[in-house]
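> Letter 7 of the sequence shown, counting from 1, is numbered 4 in our numbering, and no numbers are missing. Here a beta-carbon is modelled for each residue, glycine too, at the ideal position from N, C-alpha and C. Just passing along the structure, written as structure tokens.
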Amino acid sequence: MNQSDLDWLKNRVAAAVDDDYYLDRGEERRIKEEAAARGIVSREIELVIREQLDEYSAVSERALVEELDRLLHQFTDNDKKLDQKEERLALSKVVNKAPGKRTGLDPRIAEEYVASFCKANGASRSTDTKKWLGSQVGLVIVAVAVVGAVIFFAMRSSKDVQAPSTVVQVNESRAVDTKAVKLNEGDRSEIDDQLRRASLYIERAQYTDPPESSAKASLDQIRQIDPDGQYRGEEVKGLASKIVDHYIKLAEKSAASNDLGAAAKWLARAKLLNRDREVILEKERALGLVKAER
């Protein structure tokens, strides 16, 4: 990274945190996108952001959410239960400001993430959330989330039980090898984990880079396990399309600045997702990157 880019990135981060010492996920994502558009590699971006946060005693909302996610997995992976003591411990670790920091994770963000985590991972929750939110609304949200999670997984389980008979019928007409498409509990667990990782990578703006630690890498891993998209297939497609849409917007922004080289780069990255190819091609034509068919 040259000195000009380094100075720009330092100032960009400083401007984002100098008033509240808090770098929210949306702003961090925008900073990384702007830095990537300048050609700065991801590891250098991460390093400068961390250094600037330390200099200002500020925190990264993304990093604190990741720590909360790690703690919640630690408490719930074995028994799928999050008791009151465990939840309070997890929340206190991220909401209370750490030594050398001026603030902690926004309590509302923390509460929303715990509720979302429990719903997505089928974990029951016993904490009285009004003690954290100071409102009965939080308790109602948790109750709805838990009931929704129970219904969701009950329906999922029912579908899983019915799946084998459907596959057998396909075999009778197409002679498909059922062993090649049958998923076990370990496969589903791995898909759950890879989807979680993909979402975290998206929060970090690591869509396709670095190749081994990106949303694309996680989605590719899911496709290897479940090429037919039997389990959470629509979510996988949705994440891929979300990234494609994001790259298209970046391409449009670059083209508006008369930087067609950058626009072509963003669309090339979009193609790596193997999703919405016609949409990408149409955008290339619209931006004049490929010749329109006559």
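1. Is the segment 96 to 107 touching the segment 115 to 122 in the sense that three or more CB pairs, one from each, lie closer than 8 angstroms?
2. What residues are listed by DSSP as bridge partners for Lys78?
3. Rank Ala267, Glu58, Arg229, Glu109 by C-alpha distance to the C-alpha of Leu247 and give the top, closest one.
4. Would you say Phe222 and Ile188 are within 8 angstroms of each other, going by their C-beta atoms?
5. Taking only the alpha-carbon atoms, compute the straight-line gap between Ser162 and Lys179 and give it to the nearest angstrom.
6. With a threshold of 8 angstroms, are at least 3 pairs of Cβ atoms found where one atom belongs to the segment 71 to 90 and the other to the segment 33 to 51?
7. Can you list the alpha helix (DSSP H) stretches of 4 or more residues lying completely in the segment 7 to 54, in chain order?
8. Look at the alpha carbon of Asp217 and the alpha carbon of Gly226, and state the distance between them as a whole number of angstroms.
9. Less than 8 angstroms between C-beta atoms, sequence neighbours within five positions excluded: which residues of the same chain meet that for Trp263?
10. Can you grab the Cα-Cα spacing for the pair Lys156 / Ala259, in whole Å?
11. In the structure shown, what three-state DSSP assignment does Ser89 receive?
12. Distance check for Tyr228 and Glu182, CA to CA, integer angstroms please.
13. Would you mind reading off the limits of the alpha helix (DSSP H) that contains Ala195?
14. Taking DSSP's pairing of strands, which residues face Val56 in a bridge?
15. Quick check: the Cα distance between Val62 and Asn271, rounded to an integer number of angstroms?
16. Quick check: the Cα distance between Leu20 and Val14, rounded to an integer number of angstroms?
17. Below 8 angstroms, how does it come out for the segment 63 to 73 and the segment 84 to 95: are there three or more Cβ pairs, yes or no?
18. Please go through the same chain and pick out, in chain order, the residues whose beta-carbon is closer than 6 angstroms to the beta-carbon of Arg85, but skip the five residues on each side of it.
19. For my contact list, Ala212 and Tyr204 are in at a C-beta cut-off of 8 angstroms; report their separation, rounded to the angstrom.
20. What's the C-alpha gap between Asp190 and Leu284?
21. Can you give the Cα-Cα distance for Glu25 and Gln0, rounded to whole angstroms?
22. Ordered along the chain, which non-local residues of its own chain (more than five positions away) have a Cβ less than 8 angstroms from that of Pro207?
23. What number of angstroms, rounded off, separates the C-alpha of Phe72 from the C-alpha of Leu197?
Reading off the structure:
1. no
2. Ser121
3. Ala267
4. The sequence given here has Ile at residue 222, not Phe. Cβ atoms of Ile222 and Ile188: closer than 8 angstroms.
5. Confidence at Ser162 is low in this model, with a pLDDT of 44, below 50, so its placement is unreliable and the value that follows should be read with caution. Distance between the alpha carbons of Ser162 and Lys179 is about 11 angstroms.
6. no
7. 22 to 34, 39 to 52
8. 12 angstroms
9. Tyr244, Ile245, Leu247, Ala248, Ser251
10. Because the pLDDT at Lys156 is just 49, under 50, the model does not fix this residue reliably, and the value given afterwards should be weighed accordingly. Going by the C-alpha atoms only, they are around 45 angstroms apart.
11. helix
12. 11 angstroms
13. 182 to 200
14. Tyr19
15. 29 angstroms
16. 6 angstroms
17. yes
18. none
19. 5 angstroms
20. 37 angstroms
21. 21 angstroms
22. Ser39, Arg40
23. 19 angstroms
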